[in-house]
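Chemist:
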Amino acid sequence: MKNKKGKRTLALLLAVAMAGGLLTGCGGKNNNKTEEESTEEVRIPIIFTVDPTTGKKNNQELADAFNRAYEGKYYLDVQWVLETEEEYRQNLKRMNVTGTLPAIIYDVCTVPSFYQMMVEEGRLTDLTPYLEEDEKWMAEIEPAVLKGCTYEDGKVYLGPISTAAFTCAGMYYNEELFTQAGVDSFPATWEEFYACCDKLKEKGITPLALHTEGTGWTPMLIATAAVAEDPEGADFMHRMLPESYDNPSGYKLAATLQKLFTYTTEDALHVDYDVAYSNFFSGKAAMLANGYWLIDQIPDGWEDKVRFAAFPQRTMVASPETFGWAVVSTYSDEVKEAAVEFLKFRTHYNKQEKEAFFTQDFEEAPKVLSDYMEAFTGAAQIVPNYQVKWNSILQEETIGEALPLLKEGKIDTEGFVKMADESIKEYEAEQ
24 MKNKKGKRTL ALLLAVAMAG GLLTGCGGKN NNKTEEESTE EVRIPIIFTV
74 DPTTGKKNNQ ELADAFNRAY EGKYYLDVQW VLETEEEYRQ NLKRMNVTGT
124 LPAIIYDVCT VPSFYQMMVE EGRLTDLTPY LEEDEKWMAE IEPAVLKGCT
174 YEDGKVYLGP ISTAAFTCAG MYYNEELFTQ AGVDSFPATW EEFYACCDKL
224 KEKGITPLAL HTEGTGWTPM LIATAAVAED PEGADFMHRM LPESYDNPSG
274 YKLAATLQKL FTYTTEDALH VDYDVAYSNF FSGKAAMLAN GYWLIDQIPD
324 GWEDKVRFAA FPQRTMVASP ETFGWAVVST YSDEVKEAAV EFLKFRTHYN
374 KQEKEAFFTQ DFEEAPKVLS DYMEAFTGAA QIVPNYQVKW NSILQEETIG
424 EALPLLKEGK IDTEGFVKMA DESIKEYEAE Q
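Its first residue numbered 24, the sequence shown is counted upward by one per residue in this note's numbering.
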């Protein structure tokens, strides 16, 4: 069918590129080796997750492409684990303590304190020398991406992707439900956004698919985008580890979250993202905040219903460094060298993804793809992901505790701000 074909357009283009040898330029297998020159295949341990909501094996296409390109030389030895991203991050901490980390890890910098500890304890390989000696690798990385992956000591511990094009988050919306409520297009301003929510609600349609666990991802995306509406808020969102939330931006964050939860489902409290996902893709809610990667998780039959837009004021949320992957320093030089080759391959693969995406025939693809391209190229502001800026206690504990209290009226905005500031004190005491 046309829609299904369109949904897989990017994957098909990449498959053709690989078949034509476009990805072998970053170093593929050499079939001309003599028997004496051949060496044993180096295995690179890594853990990839299986999405509990969709059953999709994340990064499977990337792993398969690498193993084909380097057959007989390197092998990405994947352990598939059924868990959420939050569970993966928690398990990274456990594996670090027990000395059982795989050779390559990701989601490292989404918890700033963990990232800092891993760097300071020498647990991550410094990739700077590899980047400096490989001009081709360096040339394939957008400057903003490389800057984001550069640590405060000037070194690079996160293997960068090529482009920020696929790192942005905005709002997915159900076009059929919008039409039922008399909404012709996604709102351009925050005032129009709340008016849209009111229209949906008046028609008996729940506007937002939200949740409170797992760092409160979907409501926090919307709220932090709203905070950045004015220059003061935008500056606040760029601060690393804010010293306090007792300021206009902190109160705006709390007030926005409080308002958002008046537009959501009854089952939004004390649950993780999977519930929000299910509510959106069962037609129980009209909007779901998330990033580009959700396009790959749109269920069959939903391609014509789902559209994408930047948040109001043409705002998107992204931090390309969250897509940087690290090489664990305790492995042998042989394995680390192989792991670096995989990171180079991944950068090149991502570059090919961008080229395939922006040159495809969007008339043959679902509207959501062209929506994303228009939102990304037309973004007036890209706000940093709060996950790489704010303390881990706030993210992993306070948000999950505070959002239900805020929704149920057990605390007000001042109470939320106090809880946020208390998380800072606890975090500093831990350090």
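Cβ atoms here follow ideal geometry from the backbone N, Cα and C, with glycine treated the same way.
So, with DSSP's three-state summary, where would you put P230?
Modeler: The residue given as residue 230 occupies position 207 in the sequence shown. DSSP places P230 in coil when its eight states are reduced to three.
Chemist: Should G237 be labelled buried (16 or more other beta-carbon atoms within 10 Å of its own) or exposed?
Modeler: What you label residue 237 is simply residue 214 of the sequence shown in a count that begins at 1. Buried is the call here.
Chemist: For G205, which residues of its own chain have a beta-carbon under 7 Å away from its beta-carbon, when the five flanking residues on both sides are left out?
Modeler: The count along the sequence shown starts at 1 and reaches residue 205 at position 182. Closer than 7 Å at Cβ, skipping near neighbours: K222.
Chemist: Near S136, which residues of its chain fall below 8 Å by C-beta distance, leaving aside the five closest residues on each side in sequence?
Modeler: Numbered from its first residue, the sequence shown carries residue 136 at position 113. Once the five neighbours on either side are set aside, the close Cβ partners of S136 are N414, S415, Y450, E453 and Q454.
Chemist: For the beta strand (DSSP E) that contains I184, what are its first and last residues?
Modeler: Walking along the sequence shown from the start, residue 184 turns up at place 161. I184 -> no beta strand (DSSP E), and no H or E assigned at all.
Chemist: With a CB to CB cut of under 6 Å and the five nearest residues on each side skipped, what residues in its chain are close to A86?
Modeler: Locating residue 86 in the sequence shown gives position 63, counting from the first residue. Excluding residues within five positions, the ones whose Cβ falls inside 6 Å are L99 and V101.
Chemist: Skipping 5 residues on each side, what residues in its chain have a beta carbon closer than 8 Å to that of E445?
Modeler: Counting from 1 along the sequence shown, the entry for residue 445 is found at position 422. Closer than 8 Å at the Cβ level, and outside the excluded window around E445, lie T421.
Chemist: My guess is that V440 and D269 are in contact by the Cβ rule of under 8 Å, so how many angstroms apart are they, rounded?
Modeler: Working through the sequence shown from its first residue, we reach residue 440 at position 417. Working through the sequence shown from its first residue, we reach residue 269 at position 246. 5 Å between Cβ atoms; contact.
Chemist: Would you be able to state if there are at least three C-beta pairs under 8 Å between the stretch 327-335 and the stretch 193-200?
Modeler: yes
Chemist: Using 10 angstroms around the beta-carbon of F304, count the other beta-carbons present and answer buried if the total reaches 16, otherwise exposed.
Modeler: As a first step, residue 304 must be located in the sequence shown, where it is residue number 281. The residue in question, F304, is buried, as its Cβ has 16 or more Cβ neighbours within 10 Å.
Chemist: Nearest-angstrom Cα distance between L124 and E386?
Modeler: For the purposes of this step, residue 124 is taken as the residue at position 101 of the sequence shown. For the purposes of this step, residue 386 is taken as the residue at position 363 of the sequence shown. Each residue's alpha carbon lies about 44 Å from the other.
Chemist: At the level of alpha carbons, what is the spacing between P322 and V73?
Modeler: As a first step, residue 322 is located in the sequence shown; it is residue number 299 there, counting from the start. As a first step, residue 73 is located in the sequence shown; it is residue number 50 there, counting from the start. So the alpha carbons of these two residues sit roughly 16 Å apart.
Chemist: With a CB to CB cut of under 6 Å and the five nearest residues on each side skipped, what residues in its chain are close to D435?
Modeler: Position 412 of the sequence shown, counted from the first residue, corresponds to residue 435. Nothing listed; no residue qualifies.
Chemist: Go to G193, then tell me how far its beta strand (DSSP E) extends in each direction, as first and last residue.
Modeler: Here residue 193 refers to the residue found at position 170 when the sequence shown is read from its first residue. Per DSSP, G193 belongs to the beta strand (DSSP E) from A192 to N197.
Chemist: For N81, which residues from the same chain have a beta carbon less than 8 Å from its beta carbon, with the 5 sequence-adjacent residues on both sides left out?
Modeler: As a position in the sequence shown, residue 81 is number 58, starting the count at 1. Cβ neighbours of N81 beyond the five flanking positions: F71, T72, V73 and D74.
Chemist: Quick one: what's got a C-beta closer than 8 Å to Q203's C-beta in the same chain, skipping five residues either side?
Modeler: Position 180 of the sequence shown holds residue 203. So the qualifying residues of the chain are K226 and I228.
Chemist: Is the beta carbon of E165 closer than 8 Å to that of T186?
Modeler: For the purposes of this step, residue 186 is taken as the residue at position 163 of the sequence shown. For the purposes of this step, residue 165 is taken as the residue at position 142 of the sequence shown. The criterion of a C-beta distance shorter than 8 Å is satisfied by T186 and E165.
Chemist: Shortest alpha-carbon distance to E93 belongs to which of K116, M442, E64 and R112?
Modeler: Mapped onto the sequence shown, residue 93 falls at position 70. At residue 93 the sequence reads Tyr, which differs from the Glu that was named. When only C-alpha atoms are compared, the closest one is E64.
Chemist: Where do the ends of the beta strand (DSSP E) carrying A308 lie?
Modeler: By one-based count along the sequence shown, residue 308 stands at place 285. Per DSSP, A308 belongs to no beta strand (DSSP E) and is neither H nor E.
Chemist: Is M339 helix, strand or coil when you go by DSSP?
Modeler: For the purposes of this step, residue 339 is taken as residue 316 along the sequence shown, with counting starting at 1. In this structure, M339 counts as strand in the three-state DSSP scheme.
Chemist: Near L292, which residues of its chain fall below 7 Å by C-beta distance, leaving aside the five closest residues on each side in sequence?
Modeler: Here residue 292 refers to the residue found at position 269 when the sequence shown is read from its first residue. If we look at L292 and ignore the five residues flanking it on each side, its Cβ neighbours are T235, P427 and K430.
Chemist: Within 10 angstroms of its Cβ, does P271 collect 16 or more other Cβ (buried), or is it exposed?
Modeler: As a first step, residue 271 must be located in the sequence shown, where it is residue number 248. Answer is exposed; the Cβ neighbour count stays below 16.
Chemist: Among R337, Y153 and Y274, which has the Cα closest to the Cα of E437?
Modeler: In the sequence shown, the residue the question calls residue 437 occupies position 414. Nearest to E437 by C-alpha distance, out of R337, Y153 and Y274, is Y274.
Chemist: Quick one: grab the DSSP three-state call for F201.
Modeler: Along the sequence shown, one-based indexing puts residue 201 at 178. Three-state result, F201: helix.
Chemist: Taking the straight line between their C-alpha atoms, what separation do you get for D356 and T148?
Modeler: The residue given as residue 356 occupies position 333 in the sequence shown. The residue given as residue 148 occupies position 125 in the sequence shown. Roughly 10 Å between the two C-alpha positions.
Chemist: Going by beta carbon distance, what residues of the same chain come within less than 7 Å of K307, once the five residues before and after it are set aside?
Modeler: For the purposes of this step, residue 307 is identified with residue 284 of the sequence shown, where counting begins at 1. T229 and T288, listed in sequence order.
Chemist: Less than 8 Å between the C-beta atoms of V250 and L276, yes or no?
Modeler: Residue 250 sits at position 227 when you count from the first residue of the sequence shown. Residue 276 sits at position 253 when you count from the first residue of the sequence shown. In contact: V250 and L276 (Cβ atoms closer than 8 Å).
Chemist: Would you list the one or two residues that DSSP bridges to D100?
Modeler: The residue labelled residue 100 in the question sits at position 77 within the sequence shown. According to DSSP, D100 bridges with P68.
Chemist: Going straight from the alpha carbon of E175 to that of P389, what length do you get?
Modeler: Within the sequence shown, numbered from 1, the residue matching residue 175 stands at position 152. Within the sequence shown, numbered from 1, the residue matching residue 389 stands at position 366. Rounded to the nearest angstrom, the two C-alpha atoms are 41 Å apart.
Chemist: So, are the CB atoms of R91 and N119 less than 8 Å apart?
Modeler: Your numbering for residue 91 matches position 68 in the sequence shown. Your numbering for residue 119 matches position 96 in the sequence shown. No.
Chemist: What are the boundary residues of the alpha helix (DSSP H) that includes F259?
Modeler: What you label residue 259 is simply residue 236 of the sequence shown in a count that begins at 1. It spans P254 to M260 - the alpha helix (DSSP H) in which F259 sits, taken as one unbroken run.
Chemist: Is R66 buried or exposed, if buried means 16 or more other CB atoms sit within 10 Å of its CB?
Modeler: Within the sequence shown, the letter at position 43 stands for residue 66. With fewer than 16 other Cβ atoms within 10 Å, it is exposed.
Chemist: Are the CB atoms of S301 and N408 nearer to each other than 8 Å?
Modeler: Here residue 301 refers to the residue found at position 278 when the sequence shown is read from its first residue. Here residue 408 refers to the residue found at position 385 when the sequence shown is read from its first residue. Going by C-beta atoms, S301 is not nearer than 8 Å to N408.
Chemist: In chain order, what residues of the same chain have a beta carbon less than 6 Å from the beta carbon of L169, not counting five sequence neighbours either side?
Modeler: Counting from 1 along the sequence shown, the entry for residue 169 is found at position 146. Closer than 6 Å at the Cβ level, and outside the excluded window around L169, lie P183.
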